[in-house]
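Peer 1: Adding 160 to a residue's 1-based position in the sequence shown gives its number in my numbering. Note that the Cβ used here is the ideal one computed from N, Cα and C, for glycine as well.
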Amino acid sequence: MPFEPINPPQFPTPIAPYSAGAKAGNTVYVSGVLALGEGGVVLHVGDAAAQTRHVLEVIKITLEAAGATMADVAMNHIFLKDLDDYAAFNTVYAEYFPGAKPARYCIKCELVKPDCLVEIASVAHL
161 MPFEPINPPQ FPTPIAPYSA GAKAGNTVYV SGVLALGEGG VVLHVGDAAA QTRHVLEVIK
221 ITLEAAGATM ADVAMNHIFL KDLDDYAAFN TVYAEYFPGA KPARYCIKCE LVKPDCLVEI
281 ASVAHL
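Right under this line is the structure:
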């Protein structure tokens, strides 16, 4: 099945060869999102809640560009640099998923840039 790359025009140039998202049939895949600005500059350094909000806003915009919403998200893949940020992350995360909660997992790991605290990749079904 062919897929359609999703690259909202307002996003900065990716720091690697990938699309922000991909739509295949009724499924939308959102690439792992970090709190990055133009040129790969890390935003909201040291603030896991602000990075989480930025990441979820980027996911929301990517989904909308593919014709989906946050309510269509069925799975989130979550990566945290430090599990001490888990509570702050969950507080913001709950704002974006107030109804039925998507499936998810959360892994503690190093991220591509040392100042990045949160990364999320999503899968949505239309």
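How would you write the range of the alpha helix (DSSP H) that Glu164 sits in, first residue to last?
Peer 2: Counted from its first residue, the sequence shown places residue 164 at position 4. Unbroken run through Glu164 is the beta strand (DSSP E), Glu164 to Ile166; no alpha helix (DSSP H).
Peer 1: Are the CB atoms of Cys276 and Lys220 nearer to each other than 8 Å?
Peer 2: Along the sequence shown, read from residue 1 onward, the residue named residue 276 stands at position 116. Along the sequence shown, read from residue 1 onward, the residue named residue 220 stands at position 60. No, the Cβ-Cβ distance between Cys276 and Lys220 is not below 8 Å.
Peer 1: From this set, Tyr253, Ile166 and Ser179, which residue's C-alpha is nearest Ala209's C-alpha?
Peer 2: On the sequence shown, residue 209 is found 49 positions in, with the first residue counted as 1. Taking only the C-alpha atoms, the option nearest Ala209 is Tyr253.
Peer 1: Are the beta-carbon atoms belonging to Val193 and Val218 less than 8 Å from one another?
Peer 2: As a working note, residue 193 is residue 33 in the sequence shown. As a working note, residue 218 is residue 58 in the sequence shown. In this structure, Val218 lies closer than 8 Å to Val193 by Cβ.
Peer 1: Would DSSP call Asn186 helix, strand or coil?
Peer 2: Along the sequence shown, read from residue 1 onward, the residue named residue 186 stands at position 26. In the three-state reduction of the DSSP assignment, Asn186 falls in the coil class, being assigned neither a helical nor a strand state.
Peer 1: Less than 8 Å between the C-beta atoms of Val190 and Thr212, yes or no?
Peer 2: Translated into the one-based positions of the sequence shown, residue 190 becomes position 30. Translated into the one-based positions of the sequence shown, residue 212 becomes position 52. Cβ atoms of Val190 and Thr212: not closer than 8 Å.
Peer 1: Determine contact between the segment 222-237 and the segment 260-267, defined as no fewer than three beta-carbon pairs at a distance below 8 Å.
Peer 2: yes
Peer 1: Using a Cβ-Cβ cutoff of less than 6 Å, which residues in the same chain neighbour Asp245 once the five nearest sequence positions on both sides are dropped?
Peer 2: Position 85 of the sequence shown holds residue 245. Excluding sequence neighbours, Asp245 sits near Ala208 and Leu277.
Peer 1: Might you give, ordered along the chain, the residues of its own chain that have their beta carbon closer than 7 Å to the beta carbon of Gly259, omitting 5 neighbours on each side?
Peer 2: Residue mapping note: residue 259 aligns to position 99 of the sequence shown, counting from 1. Excluding sequence neighbours, Gly259 sits near Ala231.
Peer 1: Can you give me the Cβ contacts of Lys183 inside the same chain, cut-off strictly under 7 Å, excluding the 5 residues immediately before and after it?
Peer 2: The sequence position of residue 183 within the sequence shown is 23, counting from 1. Within the same chain, Lys183 has close Cβ partners Phe163, Glu164, Ile166 and Ala226.
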